[in-house]
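Numbering (our numbering), first residue to last: -18 to 149.
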């Protein structure tokens, strides 16, 4: 139990530092800034305390907001992902998600990438919709969501394959 807590604290701090120091300073094609901290919601333990998860999601988003000067947009998008995570997991993994012995090791790569893609899509849709805050600019919102989302998904999938325990 303590090992899991230590790993989650380490991931939390490392993702904040990575996002703030590296990825917030990247500017692919002038507007693409990957938001790799979204992978924290994928890595968080499945059977963890949900109320604590919501608080941690808010803190993660809020700390990123402080350093990014984004006026609580990351906090709101992070809270939404934390709240929607059980529904997304039920959608991706079906009834198997409900069982006590459920593990990511028992799922296919397609299911895991689908979960990550849905999390990234919802996060970015909320973030950029509130950032632009105008339905007249729907094409700009969609352009940012999909361009940033694809780069974020590629990086999160890469991080997941590099830093997650190997399934035999």
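Built from N, CA and C at the ideal position, the CB exists for glycine as well.
Note that this is a predicted model, so its numbers are computed, not measured.
Do you know how far the Cα of residue j is from the Cα of residue i?
i	j	result
residue 114	residue -14	37 Å
residue 145	residue 6	26 Å
residue 11	residue 133	15 Å
residue 92	residue 73	6 Å
residue 18	residue 69	18 Å
residue 95	residue -6	26 Å
residue 110	residue 67	23 Å
residue 57	residue 26	21 Å
residue 116	residue 36	31 Å
residue 149	residue 135	Any reading at residue 149 needs caution, since the residue's pLDDT is 38, under 50, leaving its predicted position unreliable; the model's value is listed next. Distance between the alpha carbons of residue 149 and residue 135: 23 Å.
residue -3	residue 55	12 Å
What residues in its chain sit with their C-beta under 7 Å from that of residue i, if we drop five residues either side in the sequence?
i	result
residue 103	61, 62 and 65
residue 100	19, 22, 23, 62 and 69
residue 9	132
Based on DSSP bridge pairs, tell me the residues matched to residue i.
i	result
residue 13	9
What are the start and end residues of the alpha helix (DSSP H) that includes residue i?
i	result
residue 47	31 to 49
residue -10	-17 to -1
residue 124	119 to 144
What is the C-beta distance between residue i and residue j, in whole angstroms, given that I count them as a contact (C-beta under 8 Å)?
i	j	result
residue 141	residue 47	That belief does not hold up - the Cβ atoms of residue 141 and residue 47 are roughly 26 Å apart, past 8 Å.
residue 77	residue 83	6 Å
residue 97	residue 126	So it is not a contact: roughly 15 Å between Cβ atoms.
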